[in-house]
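Structure first, commentary second.
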Amino acid sequence: RAGMIRKLAAGLYTWLPMGLRTLRKVERIVREEMDKSGAQEVLMPAVQPAELWEESGRWTQYGGELLRMKDRHGRDFCFGPTHEEVITDLIRNELSSYKELPANFYQVQTKFRDERRPRFGVMRAREFLMKDAYSFHLNAKSLNDTYELMHRTYCAIFDRFGLDYRAVQADSGAIGGSASHEFHVLASSGEDDIVFSTESDYAANIEKAEAVAPGGDRPAPAEEMKEVATPDQKTIEAVSALLGINPTRTVKTLLVKAEADEEGKSGLVALVLRGDHTLNEIKAENLAGVAEPLTMATDEEIEQAVGCKAGSIGPVKLNVPVIVDRSAAHLADFVCGANREGFHLTGVNWDRDATLDRVEDLRNVVEGDSSPDGKGTLEIRRG
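Quick note, in the working numbering, the sequence shown goes up one by one and the last residue is 1032.
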């Protein structure tokens, strides 16, 4: 409506004169701050040969987002969604001595990712302009110094834009690495939940935000375990209403695929959360012993392993490995599935009735949780 862009197809846009002038101003600010940091600008091809991607192992791993093509000779190429392979090939052929390190190169180049559902206009387009930087180092200290330099540079860029933003801890994803940050502009129309402390500079996206364990010791058992009939009650809400309790006194047990063993066979793993909490799939699939990507067990697999349907599973005498969330591990006298169709157990306690071998952070944080750094509580905004 502002006369800046026109949509050509899903995720493809034409920049009109006013929009292009704005885009060029953004580019200029980005280039000025990157140049101040000492990074050197290069320009790499948008189209890349398959050989580099096959060497890195990502030709098959990248999936449907990678736009593949063949030239007239039948050779495989792709339209680059990113340039790690190309810059690595360049550097291994150009640098000949450790004395040339560290080296930091950036470019402003068109990328293409065949998003399943392009959205948010040019913010989540299939074809887009990206500033990407790649640095090479002799040791971890040099790498960390450059990482901090890039963090300050990105903050300077967003400060010059005049935007209300947060630099948040993020999951490293497929690229990997020990640290990752995302820069989010706070906006009610945003697609991500951004978590930050009310009293410190702690900030993370919802996938990365740590859910700390409740304070104090777990209460001592006060009830005996009993089996109660809960016919046709398939959800935490329904069971809680029937028993007249708060969902915070229940646990839910989810069965997911386990990592395959040396023979390629994969069993199941149970993930146990407090009834009112939601599973954080990124945290779960990063756990040792859990298959990646996270895959829920089918109804048939559940019945074969436990003998009941999904709504009746519980951690008592469960014959698969059990991983318990920190908040669920703090409960006493809780309600859970009885591993028998149409029944639940009340007055259940860890150690006495169910084994508590492995406790992990499995859940999404909620507003009001304690901040992981011990300062204030967590707020959640869109970004």
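All C-beta atoms, glycine included, are put in the ideal place defined by N, C-alpha and C.
Computed from a predicted structure; not experimentally measured.
For the pair L994 and G729, the Cα-to-Cα distance works out to about 54 Å.
K914 is bridged by DSSP to nothing; it lacks a bridge partner. In this structure, DSSP gives N854 an extended state, which the three-state scheme calls strand. Under the three-pair Cβ rule at 8 Å, the region 842 to 851 counts as touching the region 1014 to 1028. For F807, the enclosing alpha helix (DSSP H) covers residues 789 to 810.
Non-local C-beta neighbours of L792 in its own chain, meaning closer than 6 Å and more than five positions away in sequence, comprise H786, ordered along the chain. Annotation for A658: the continuous beta strand (DSSP E) segment containing it runs 654 to 658.
In terms of Cα proximity to M772, the closest of E733, G839, A805 is G839. Counting C-beta pairs with one atom in each stretch, the region 866 to 874 and the region 971 to 984 have three or more that are closer than 8 Å, which means they touch.
Residue burial is scored here from C-beta neighbours: D1018 has at least 16 other C-beta atoms within 10 angstroms and is therefore classed as buried.
In this structure Q689 is exposed. Its beta-carbon is surrounded by fewer than 16 other beta-carbon atoms within 10 angstroms. In the DSSP assignment, G668 falls within the unbroken alpha helix (DSSP H) covering 666 to 685.
Classified as exposed, Q953 has fewer than 16 neighbouring CB atoms from the shown chains inside 10 Å of its CB. Looking from the CA of K748, the closest CA among N788, L657, G712 belongs to N788. Distance from the Cα of V696 is smallest, within the candidate group G687, N742, R762, for R762. Counting along the chain, V971 sits inside the beta strand (DSSP E) bounded by residues 971 to 974.
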